[in-house]
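Report on the following structure.
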Amino acid sequence: MFNFPFSLQTFFVDIILPVPIPGYFTYRVPKDWEAYVQKGIRVVVPFGTSKVYTGVIVAVHSNPPTKYQAKYLLEILDEYPLINDKQLDLIEWIAGYYMCTPGDVFQAALPAGLKISSQSKIQLNPTFEEWEQLTEKESVFCNFLKEKESCTFDEAKSFLEVKSPYYLIKSLVGKSAIFVFDELKDRYSPKIIRKIRLTEYYTHKEHLTQLIGVLEAKPKQLAALLLYLQHISVLRDPSLNAKGLDKKIFTQSEISESSIQTLLKNEVFEVFEQVISRFSEGDDELIPTKFELSNAQNRAFQEILKSFETKDICLLKGVTGSGKTEIYIRLIQEALANGDQVLYLLPEIALTTQIVMRLKKIFGEQLGIYHSKFSDNERVEVWKSVAEGKYSFIVGVRSSVFLPFNNLGLVIVDEEHETSFKQTDPAPRYHARDVVTILAKMHQAKVLLGSATPSFETYYQAKNDKFGLVELNERYGETLLPEIHLIDTKYAAKAKQMNGGFSEEILDKLRVNLEAGKQSLLFQNRRGYSPYIQCQLCEWIAQCTQCDVSLTFHARDKELKCHYCGYKETLPTRCGACGGTSLQTMGYGTEKIEEEIQMHIPGARIGRVDLDTTRSKTAFQNLILDVQNGNLDIIVGTQMVAKGLDFDGLSMVGIFDADKIINFPDFRAHERAYQLITQVAGRAGRRGAQGEVYIQTNQPTHALFQAIIDGDYEGLYQEEIVEREGYNYPPYVRLIRLVIKHVEDTKAKKAANDLGNLLKQNFGAGRILGPEKPLIEKIRNLYAQEILIKIENGVSLSKFKINLRENLDLAQSWPSFKGVQLIVDVDCL
DNA sequence: AGCACGCCGACT
DNA sequence: GTCGGCGTGCTC
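Here it is, written out as structure tokens:
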């Protein structure tokens, strides 16, 4: 760091601000603070006329900006860097690669609790006495604060009727009249639970046995004591008493509050408070960490280590149920023993389940979990714990790539092919799997990509020796791959073997399974009751008012909903066109499947697993528990079940809309269909028994089904890769998608056309596809057009992107781009 | 992205 | 005559 004690130079800092404006922002450092500014610390700055933001310093220098007057910093939030150099480098890399601003990345990288903004609170110092030191304006403001207890920057601004209250506030802070507390300190409070334990006296065996004798006459108190001893066997080991028992456990059993109170009064029990981390699920005993790998697993494990000697990235391609997890665990143990940090990325839904419980049991306190359903408090807690080194192992979703690692040794990306690793909606539109390879390079860490059905991009790299490749082709134990049956729905319909959407075969199988006490899973990749409702007279279909899609009927809420914009309306009784009353639900969603199966198979206990039934944090876990405990016979679900559920009991899987998946208009449709169907099918038949899978389709001769039945990933890959090469699709080219949006259809088309022509001129028509209307032309009243850019392998991506950015900037200055939104999606899926 | 400045319709 | 609609342009 610079340190010129008598320097006449003025210091400036370049900072990242959470705004979608390219580049960094230069601010001036007040003379007194020169010693405190440093790369990686957060600062609060004024921005525009009335806003304050938290930014992070990326550079300290003494070059005044020439084109504008730099403003002063308002506040310094950290003593030490909160964001380390590698993180700053990663932010910059992502912004460059994904063609967004550092601010976009910063916004995604930091939990909100670490980004105070205009909402920061101001409070009067209660011990403040020296009112005579204040200016008139200041004392008026302080009196206002006295009344209000606290106020926000915004409130202060409107009260003071000035454009920027920060100078006055700063002066008051200097006089110790007020506090500005960053919301971090305010919002972030540790969680405390109340526990009960024996007083020290009764931890002695003789006192305790004596007590039990005395309580013989008081059965209720005795019951309470015995319940305690049942959970905490103090007689066996008095030191266990220190752990205590959650008060809830008493109240949940038959023990009355009054008997507890009596025991507390008589100083048998005492209450104490414990600060708990928000996600340590109790203090389960750690299970023994030594387990044997099977021969196949051990061979794979050794091969991975070998591959890491020469390559940084390795693909582990292991069939469902081959026991990849044990191999991961072994690698994680090695890395941790080595003193390295480990990051284990999972798709969101997989994270709520058993695997995390299992890892928690093995790795205990060193394991931190980073999940999108966690509150902001919890995220800040994880962030700090990683920075402090409390967690050396993180299991998390996409965004955990931004955590403050300083010594990463191993990154595992499980279910590597999952599209949820790519962020689609707000920028940065990054792919965690790809970001992780850069992150790992910075840390000189190894990356293991795991999947039963790798993405073709990844497999291509492995095949071409860029990544290591290790295969695990046998299922763990003796379990056989499920037997897959195709049901020809066209034929079944002719033979009168269809019952609505269900073939007799599936219904029969469900009945047989139910009688045998076995569980079944039905897969329908569409939530709600029916994907559309239609008038039987005039064929009118209820459409969303803001989007170019039909409305899905949700029976539970008796509403029509748009799955794209969230629009809702109550179920109409009349046709929107002819006024007729014969509206009918068309097609099948999970709700309707659930209802009809209930009708066909009365007595079956049916559970539904889709976005609608698992919105809350615990709902999904409760459903899983119900399945595990055998409280459900049939589970109906969307792709959530394919990805989230992982247990033994399922003996049969039924798949309904296979045709929809296969015929999806996208060059990756076959790859995706293979992955999804294989994944769903893989839910059937674990631990010994062979499972059965029934797929309803009207094109049973489709080659894809044969590949799925044979588990012939390789064959499908070979076939598809030829097509990809022939038609110039990934992995032979990189794709960048441009989306052009406008409220007016014609304006979107005009802008897209103009841009398309420019790009064709400058990059060659062969590289530009479109403009074309996307699958859904209008969402939230915005019409969209798409342009696809193909960049063949070997072309310098960074140069291409700089060139592309210039073209885009030029286009956006055109009159035809007025009011047009332009989205850039690099490596779009 | 916000948010201010700025230029045209329905209200006291 | 004003309040307020959202079009456009800037933010270190």
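The UniProt record's numbering numbers the first residue of the first sequence as 1 and each following residue consecutively. Ideal Cβ placement from N, Cα and C applies to all residues, glycine included.
The alpha helix (DSSP H) enclosing residue i, as first and last residue numbers
i       : result
His-742 : It is not in any alpha helix (DSSP H) - His-742 instead sits in the beta strand (DSSP E) that spans 733 to 742.
Phe-144 : 136 to 148
Ser-258 : 257 to 265
Ala-335 : 324 to 337
Thr-590 : 590 to 600
Pro-219 : 219 to 231
Thr-545 : That residue, Thr-545, is in no alpha helix (DSSP H); it is neither H nor E in DSSP.
Tyr-491 : 489 to 494
Ala-681 : 669 to 681
Ser-798 : 797 to 812
Whether residue i touches residue j by CB criterion (7 Å)
i           : j       : result
Tyr-328     : Ile-412 : yes
Lys-39      : Met-442 : no
Phe-817     : Ala-751 : yes
Lys-741     : Gln-821 : yes
Ile-789     : Val-733 : no
Lys-195     : Gln-274 : yes
Tyr-202     : Leu-211 : yes
Thr-552     : Pro-531 : yes
Pro-404     : Leu-315 : no
Asp-548     : Lys-773 : no
Leu-293     : Glu-326 : yes
Met-586     : Gln-534 : yes
Val-342     : Leu-410 : yes
residue 871 : Phe-656 : Lying before the first or after the last residue shown, residue 871 is absent from the chain, which here runs from 1 to 829.
Ile-94      : Tyr-430 : yes
Gly-364     : Ser-385 : no
Val-37      : Val-44  : no
Tyr-460     : Pro-81  : no
Endpoints, the beta strand (DSSP E) within which residue i is located
i       : result
Pro-46  : 42 to 47
Phe-12  : 12 to 16
Tyr-72  : Neither: Tyr-72 is in no beta strand (DSSP E) and is coded neither H nor E.
Tyr-564 : That residue, Tyr-564, is in no beta strand (DSSP E); it is neither H nor E in DSSP.
Glu-692 : 692 to 697
Ser-307 : That residue, Ser-307, is in no beta strand (DSSP E); its alpha helix (DSSP H) goes 295 to 310.
Asn-784 : The sequence as given places Ala at residue 784; Asn does not occur at that position. First-last of the beta strand (DSSP E) with Ala-784: 782 to 792.
Cβ distance (whole Å) where residue i is taken to contact residue j below 8 Å
i           : j       : result
residue 834 : Arg-42  : In the structure as shown, the chain begins at 1 and stops at 829. Residue 834 is therefore absent and cannot be evaluated.
Val-609     : Met-640 : 5 Å
Ile-787     : Leu-738 : 4 Å
Arg-398     : Gln-366 : Actually they are not in contact, since the Cβ atoms of Arg-398 and Gln-366 sit about 22 Å apart, beyond 8 Å.
Gly-654     : Phe-523 : 7 Å
Tyr-783     : Asp-825 : Wrong, their Cβ atoms sit about 18 Å apart, outside the cutoff.
His-702     : Ile-662 : 6 Å
Phe-250     : Ala-217 : The pair is not a contact, with the Cβ atoms about 21 Å apart (cut-off 8 Å).
Thr-590     : Thr-638 : 6 Å
Ile-708     : Tyr-674 : 6 Å
Ile-15      : Gly-55  : 4 Å
Burial state of residue i (16 or more Cβ within 10 Å)
i       : result
Asn-241 : buried
Arg-358 : exposed
Ser-233 : exposed
His-204 : exposed
Thr-489 : buried
Phe-402 : buried
Lys-163 : The pLDDT assigned to Lys-163 is 49, lower than 50, so where the model puts this residue is not dependable; a value taken from the coordinates is nonetheless given after this. Classification for Lys-163: exposed.
Tyr-391 : buried
Phe-705 : buried
Gln-107 : buried
Val-61  : It is worth fixing the name first, because residue 61 is His in this sequence and not Val. Label assigned to His-61: exposed.
Pro-347 : buried
Asn-513 : buried
Residue i: CB within 6 Å of a non-hydrogen atom of the ligand NAD
i       : result
Thr-203 : Inclusion of the ligand NAD in the displayed structure is not the case, the ligand content being empty and no account of it being possible.
With a threshold of 8 Å, are at least 3 pairs of Cβ atoms found where one atom belongs to the segment 410 to 427 and the other to the segment 368 to 382?
No, the segment 410 to 427 does not touch the segment 368 to 382.
Do the segment 575 to 592 and the segment 530 to 544 touch if we need at least three Cβ pairs shorter than 8 Å?
Touching, yes, given that three or more Cβ pairs across the two stretches are closer than 8 Å.
The segment 557 to 572 touching the segment 600 to 609, judged by at least three CB pairs closer than 8 Å
Fewer than three pairs of CB atoms, one per stretch, sit closer than 8 Å, so the segment 557 to 572 makes no contact with the segment 600 to 609.
Pairing CB atoms from the segment 434 to 453 with CB atoms from the segment 685 to 700, are three or more of them under 8 Å?
Short answer: they don't touch.
Stretch-stretch touch, CB-based, cutoff 8 Å, three pairs: the segment 584 to 596 with the segment 503 to 512
Of all C-beta pairs linking the segment 584 to 596 to the segment 503 to 512, fewer than three are shorter than 8 Å, placing the two stretches out of contact.
I want to know whether the segment 615 to 626 touches the segment 658 to 672 - three or more CB-CB distances under 8 Å.
Taking 8 Å as the limit for Cβ pairs, the verdict is that the segment 658 to 672 does not touch the segment 615 to 626.
Does the contact criterion of 3 or more C-beta pairs under 8 Å hold for the segment 11 to 28 versus the segment 98 to 113?
Contact holds: three or more Cβ-Cβ distances are below 8 Å.
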